[in-house]
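In our numbering, the protein residues as written are 90 to 186.
Quick reminder that beta carbons are idealized off the backbone N, C-alpha and C, glycines included.
Quick caveat: nothing in here was measured; it's all calculated off a predicted structure.
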């Protein structure tokens, strides 16, 4: 959470890598990392992390409203409203509120 609050997105990615080496990341781990990327205006990295969440969806990690909101905000900040809308509509189709 400290990385998320201080917008230290590179530290958040390092922390995520450490967690991933020791255990399977959960949705909170993904959310914290994506939010740090969003706050650090790293929309492309946030999308990479969203792809990783999708790959882990089969391992009991399901993107939630926090995951989707951070990704939408990251894309919006990057001027990629097309991607932000795509994520938003995908979330609605999945029933994420």
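Going by C-alpha positions, residue 139 is about 7 Å away from residue 160. Of the candidates 110, 152, 178 and 144, the residue whose Cα lies closest to the Cα of residue 121 is 152. Assignment of residue 117 by DSSP, reduced to helix, strand and coil, places it in the helix class. Excluding five sequence positions before and after residue 134, the CB atoms of its chain that fall closer than 6 Å to its own CB belong to 126, given in chain order. In this structure, 115 is the residue among 115, 168 and 169 with its C-alpha nearest to the C-alpha of residue 155.
Taking the Cβ atoms as the reference, residue 132 lies roughly 4 Å from residue 163, within the contact range of under 8 Å. At the C-beta level, residue 142 and residue 150 come within 8 Å of one another.
Between residue 157 and residue 117 a beta carbon distance of about 14 Å is seen, past the 8 Å cut, so the two are scored as non-contacting. Annotated three-state conformation of residue 144 is helix, per DSSP.
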